[in-house]
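First the structure, in the form of structure tokens, and then the observations on it.
In my numbering, the protein residues as written are 1 to 146.
Structure follows, in structure tokens:
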């Protein structure tokens, strides 16, 4: 399913591959939602396989990034060709099912690092948005009150 969604067709002469996810993304408003629902099936399978919660969180972040960035008109469609959330998530699932205990500990460390970086990035984005919002409010206040 992951290959069908992310890597089904090759653009001749480029080596660039894309799947049904990128095609669904062309349907405004609905395509990325439908694609994410398919992605949630892989997440459910990972949960049923006993994948650690931190890895499930990383998988959910991959889906979220795909959905949010993919929903940007035109640029999101290009993003969908290169961000292959389903393949990433199947690789995370395979890593868990095939790993020795030592490899699993190392993999969890990488997952914690990824999720921590994602949280830090989102926090920085939030601070930036709040700063811009206060700047706009201050400018409007000056315009109205001199």
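Each residue gets a CB set at the ideal place from its N, CA and C atoms; glycine is no exception.
For residue i, write down the residues that DSSP places opposite it in a beta bridge.
i: residue 10; result: 17
Expressed to the nearest angstrom, what Euclidean distance is found between the alpha-carbon atoms of residue i and residue j?
i: residue 102; j: residue 112; result: 16 Å
i: residue 96; j: residue 116; result: 20 Å
i: residue 131; j: residue 142; result: 17 Å
i: residue 140; j: residue 10; result: 51 Å
i: residue 73; j: residue 36; result: 17 Å
i: residue 14; j: residue 29; result: 29 Å
i: residue 22; j: residue 105; result: 34 Å
i: residue 8; j: residue 77; result: 16 Å
i: residue 98; j: residue 51; result: 11 Å
i: residue 127; j: residue 41; result: 34 Å
i: residue 146; j: residue 133; result: 19 Å
i: residue 137; j: residue 124; result: 20 Å
Whole-angstrom Cβ separation of residue i and residue j, contact assumed at under 8 Å?
i: residue 25; j: residue 80; result: 5 Å
i: residue 107; j: residue 39; result: Not a contact, Cβ separation roughly 20 Å.
i: residue 1; j: residue 32; result: About 17 Å; that fails the 8 Å criterion.
i: residue 114; j: residue 53; result: Not really, about 14 Å apart at Cβ, beyond 8 Å.
Determine the closest residue to residue i out of the options, with distance taken between C-alpha atoms.
i: residue 3; options: 32, 10, 19; result: 19
i: residue 56; options: 67, 43, 83, 1; result: 43
i: residue 5; options: 129, 120, 82, 99; result: 82
i: residue 119; options: 12, 34, 98, 65; result: 65
i: residue 27; options: 129, 71, 13, 98; result: 71
i: residue 60; options: 76, 73, 75, 87; result: 87
i: residue 62; options: 89, 52, 51, 77; result: 89
i: residue 92; options: 15, 45, 126, 34; result: 45
i: residue 49; options: 128, 121, 94; result: 94
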